[in-house]
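**Q**
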Amino acid sequence: MATDNELFDITIVGGGPTGLFAAFYAGMRGMKTKIIESLPQLGGQLAALYPEKYIYDVAGFPKVTAKELVDGLIEQAFQFPITTCLGESVQTIERDDDGTLLLRTQSAVHRSQAVVITVGMGAFRPKTLDAPGVAEFEGRGVYYFVPQLNVFEGKRVLIVGGGDSAVDWALALAHRARVTLIHRRDRFRAHEHSIEQLKTSPVDIKTPYELKEVRGGETVEEAVVFHNKTMEEERLPVDAVILSLGFNPDLSLVEKWDLQLEDGGIAVNSRMETSRPGIYAAGDIVSYPGKVKLIVCGFGEAATAVNNAATYINPKAKLFPGHSTNRK
Ligand SMILES: Cc1cc2nc3c(=O)[nH]c(=O)nc-3n(C[C@H](O)[C@H](O)[C@H](O)COP(=O)(O)OP(=O)(O)OC[C@H]3O[C@@H](n4cnc5c(N)ncnc54)[C@H](O)[C@@H]3O)c2cc1C
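This note's numbering applies: residue -16 is where the sequence shown begins, and numbers increase by one.
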């Protein structure tokens, strides 16, 4: 396994919105910065799960798509020379004899003086269904995310699920595709306003229905669904099946990092310091009394984590970075 001998001041683990903003702040403080991200792209949940959805609660943006927000965060961070390692998952974080932190991924060992962990909900593991054909057709018509709406243009799409994501995707695709939405209960769990929109949309809604089987050749051609009270079956000719059943947080890697965990997250103090010196955390992964899992909260925590890490690396450094308006 290659050891990346170059020593970085700070390494951000996870390139979601919190990690990108942490990288920006570290860059602005003149720190030699690296981001390690396990997916092939930056942006975290925003890029992977809902790039085309509007976000309404980021300060200063009355309305912004997740993709636009990620593009802005990338532009803001990469005004500085930040090293990025995509497609690498941090497996362990150890300490060398000289105090350097060693971050081991599948392919390299990275060296850093301080670390900020911004791994969100860990690896994304979408909930799936144990129905025949589902696993077989993954990537050939069975989806768990909607990467781009135009993938489904003019297609016959079956969406399975009753929460916000399922209903939102049904609405987003309603005028681009022939959409059927099935949910195993009579009532949807989605936002009331979305449910009202759904009722007047062209989406074919079937409740209480479940998916029994996905069939096809090269790609998906048919889904068998059934009414879970009468058990009556129906064959739907479809080109795509989107399983929108939520995600299981997979924190199995984080659990190996020897950090104090609390309520399913990494315990931090008001400096965003974890139980291990030099290791800070921010964003969805952290746990403290009153923690709110929102993008804007992650931004504030990222700034706190990076500025405190700066004083860890150099105890003479000021905690307050100065105002960005004073930059030349
Ligand atoms: C459908 C949906 C809609 C939402 N709408 C809103 C909204 O309107 N407003 C709002 O404020 N929030 C919203 N959220 C929540 C918001 O997306 C999260 O709060 C935010 O993404 C958290 O950012 P993060 O950077 O902490 O984590 P994430 O976005 O989860 O990013 C973490 C990154 O770390 C990477 N990673 C994980 N493990 C490792 C590892 N071991 N090594 C390297 N990299 C790793 C992951 O691949 C990921 O890219 C929504 C979430 C969803 C799912």
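Built from N, CA and C at the ideal position, the CB exists for glycine as well. The structure displayed is predicted, hence computed values, not measured ones.
1. Judging by CA-CA distance, which residue of 97, 202 and 146 is the nearest neighbour of residue 124?
2. Taking buried to mean at least 16 other C-beta atoms within 10 Å of its own C-beta, is residue 192 buried or exposed?
3. Along the chain, where does the beta strand (DSSP E) that runs through residue 69 open and close?
4. For my contact list, residue 24 and residue 69 are in at a C-beta cut-off of 8 Å; report their separation, rounded to the angstrom.
5. Would you call the CB atoms of residue 3 and residue 56 closer than 7 Å?
6. Determine, using beta-carbon pairs with one atom in the region 154 to 162 and one in the region 242 to 250, whether at least three such pairs fall under 8 Å.
7. Less than 7 Å between the beta carbons of residue 173 and residue 146, yes or no?
8. Taking one C-beta from the region -1 to 15 and one from the region 259 to 267 each time, how about it: are there three or more such pairs within less than 8 Å?
9. Is the beta carbon of residue 239 within less than 6 Å of some heavy atom of ligand 2?
10. Could you give the residue range of the beta strand (DSSP E) that holds residue 17?
11. What do you get for residue 39, buried or exposed, if any count of 16 or more other CB atoms within 10 angstroms of its CB means buried?
12. Looking at the structure shown, is residue 93 part of a helix, part of a strand, or coil, going by DSSP?
13. Counting only the same chain and skipping the five closest in sequence on each side, list residues whose C-beta sits under 6 Å from that of residue 12.
14. Under a Cβ-count criterion, where at least 16 other Cβ atoms within 10 Å of its own Cβ denotes burial, should residue 122 be classed as buried or exposed?
**A** Judging by the given coordinates:
1. In the sequence shown, counting from the first residue as 1, residue 124 sits at position 141. Among 97, 202 and 146, the Cα nearest to that of residue 124 is on 202.
2. Taking the sequence shown and counting its residues from 1, one reaches residue 192 at position 209. With 16 or more neighbouring CB atoms inside 10 Å of its own CB, residue 192 falls in the buried class.
3. Numbered from 1 along the sequence shown, position 86 holds the residue referred to as residue 69. Segment 66 to 69, the beta strand (DSSP E) holding residue 69.
4. In the sequence shown, the residue the question calls residue 24 occupies position 41. In the sequence shown, the residue the question calls residue 69 occupies position 86. That belief holds up - the Cβ atoms of residue 24 and residue 69 are roughly 7 Å apart, short of 8 Å.
5. Here residue 3 refers to the residue found at position 20 of the sequence shown. Here residue 56 refers to the residue found at position 73 of the sequence shown. Here residue 3 is near residue 56, since their CB atoms are less than 7 Å apart.
6. As far as the Cβ criterion goes, the region 154 to 162 does not touch the region 242 to 250, which means the pair count is below three.
7. Within the sequence shown, numbered from 1, the residue matching residue 173 stands at position 190. Within the sequence shown, numbered from 1, the residue matching residue 146 stands at position 163. Closer than 7 Å, so yes.
8. Enough Cβ pairs lie closer than 8 Å, so yes.
9. With respect to small molecules bound, the structure shown includes ligand 1 and not ligand 2.
10. Your numbering for residue 17 matches position 34 in the sequence shown. Its beta strand (DSSP E) spans residues 16 to 20.
11. The residue given as residue 39 occupies position 56 in the sequence shown. Flag for residue 39 reads exposed.
12. On the sequence shown, position 110 is the one that residue 93 refers to. The answer is strand: DSSP assigns residue 93 an E or B state.
13. The count along the sequence shown starts at 1 and reaches residue 12 at position 29. The answer, listed in chain order, is 293 and 304.
14. One-based indexing of the sequence shown puts residue 122 at position 139. For residue 122, the number of other beta carbons within 10 angstroms of its own is below 16, and it is reported as exposed.
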